[in-house]
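Take a look at the structure set out below.
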Amino acid sequence: MKVLFINSVVDFGSTGKIVRSLADGLKEQGHEVLIAYGRHSKEPSHDTFYIGDKPSMAYHMLMSHFFGRHGLHSTKATKRLIDKIKEFKPDIIHLHNVHGYYLNVKMLLEYLATTDIRVLWTLHDAWTISGSSAYFDFHGCKVWEDGCVECNSTKDYPASLFIKRQRKNFAWKKKTISQLKNVTFITPSKWLKELGETSFLRQFPIEVVYNGIDVETFNSDNNKKREPKVLLGVANKWETRKGLEDFISLSERISEDYQIILIGLSKEQIARLPQNITGIERTANVQELVGYYASAYAFINPTYEDNYPTTNLEALACGTPVIAYDTGGNNEISNEHVIIVKQGCIDGIIDALPAIEEIDMTTFDVNSISAHTFLMNMMSFYKI
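Number 1661 marks the last residue of the sequence shown (the working numbering); no jumps.
Structure below.
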């Protein structure tokens, strides 16, 4: 069997690593795979196909930011991809993030609608059912008609700063996706599945498969808690919707028994932090990150928009309980080891801190969040 993956990146970021793990799992079973991607080019390999180029991506980004035309450019790159599809002749095409300024999504979907190729489409966010943003929880949806036709804000990724085009964008997405003949959508959370079922995606099968992580790397072998008690936050990009201001508010109200450490900040953000918050830039050293997770008293995730955060899983695998806002799939991970509080409720976080002492992390089933379990659950979809 031949499987073609399409994603913005490979071997990079959460979605790039997910695609790689799926591809490797299929290869181990004797299948032939190819990963087509459009950003962060790497050394060519037998199982990857880079379709992007920086000038066209820059133009695509410009047209998206100024004229709201995300997913409607990168025509030459998309033609290269379609030619590769015809050459490779996949039995299954597995779409992941098709947004990201690298692909003419409308053109690709129109082509796929003319074929009998089976399509799997993993949704890592809500971009497919939105006229603008990949997430619209934080600012809300202004008009809902089989999806978020108009978001209250178009400043979130992928930002549209001048001409919005939200209704036109939603219309072409709905039309082209609805023309697909044989597609199954996969979501990493029940939350996103239920959101999809309130949209035009309800006409297609939508299945839930929870993401997994490398539990051999993220483990509790060196789980030695520090004093003062560390309240840890980790994000690829810290901003309001990720809860940065909430951490600052929290720092003003906790006692000296606690220390806040935030990982993933920019130099400018670190310079503006209060003295009682330790800021660290994004680290590529996984073992260093594991050390922070393992030594923390609690992992705090005050995000206002997310799907099924892998940072929660990484903390749990390292033996650290989680306090998280009631956002996305946060409440689907583990009732016994994750404390859910109302969005924006700093009092809720503070009230939850003593309860962390009572959580027995030895009862957490690490295998339930492993990459192996994720792979086994996904393999059932690769059948023709």
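We put the CB at the ideal spot given by N, CA and C, even for glycine. Just so you know, these numbers come straight off a predicted model, no measurement behind them.
Spatial distance of residue i from residue j (CA atoms)
i, j, result
"Val1382", "His1337", "12 Å"
"Phe1343", "Arg1357", "26 Å"
"Lys1519", "Leu1550", "15 Å"
"Glu1364", "Gln1306", "23 Å"
"Lys1458", "Val1618", "41 Å"
"Ser1528", "Gly1621", "14 Å"
"Leu1542", "Phe1524", "13 Å"
"Asp1288", "Leu1372", "16 Å"
"Ser1497", "Ala1594", "6 Å"
"Asn1499", "Gly1293", "28 Å"
"Ser1671", "Cys1425", "Given that the chain is displayed from residue 1278 to residue 1661, the structure contains no residue 1671 and the question cannot be resolved."
"Ser1657", "Leu1303", "11 Å"
"His1416", "Glu1427", "11 Å"
"Ala1629", "Asp1534", "15 Å"
"Ala1561", "Gly1625", "32 Å"
C-beta contact flag for residue i and residue j at 9 Å
i, j, result
"Leu1539", "Leu1521", "yes"
"Pro1598", "Ile1623", "no"
"Thr1405", "Lys1450", "yes"
"Asn1612", "Leu1469", "no"
"Ala1601", "Thr1587", "no"
"Leu1326", "Ala1313", "The sequence given here has Phe at residue 1326, not Leu. Contact flag set, yes."
"Leu1397", "Val1460", "yes"
"Pro1367", "Leu1438", "no"
"Val1420", "Ser1285", "no"
Residues that DSSP places opposite residue i in a beta bridge
i, result
"Cys1428", "Cys1418"
"Ala1313", "Ile1283 and Phe1326"
"Ala1705", "This structure gives no information on residue 1705, because the portion of the chain shown stretches from 1278 to 1661."
Range covered by the alpha helix (DSSP H) that runs through residue i
i, result
"Ile1626", "Ile1623 to Ala1629"
"Val1567", "Val1563 to Ser1572"
"His1342", "Lys1331 to Phe1344"
"Tyr1659", "From DSSP, Tyr1659 is part of no alpha helix (DSSP H); its letter is neither H nor E."
"Gln1546", "Lys1544 to Ala1548"
Element boundaries [beta strand (DSSP E), containing residue i]
i, result
"Glu1484", "Ile1483 to Val1485"
"His1371", "Ile1369 to Leu1372"
"Val1511", "Lys1506 to Val1511"
"Gly1293", "Where Gly1293 is concerned, there is no enclosing beta strand (DSSP E), although the alpha helix (DSSP H) it sits in stretches over Gly1290 to Glu1305."
"Arg1395", "Arg1395 to Thr1399"
Sufficient close CB pairs (3 or more, under 8 Å) joining the region 1481-1498 to the region 1432-1448: no
Three-pair Cβ contact test at 8 Å for the region 1563-1574 versus the region 1461-1480: These segments do not touch.
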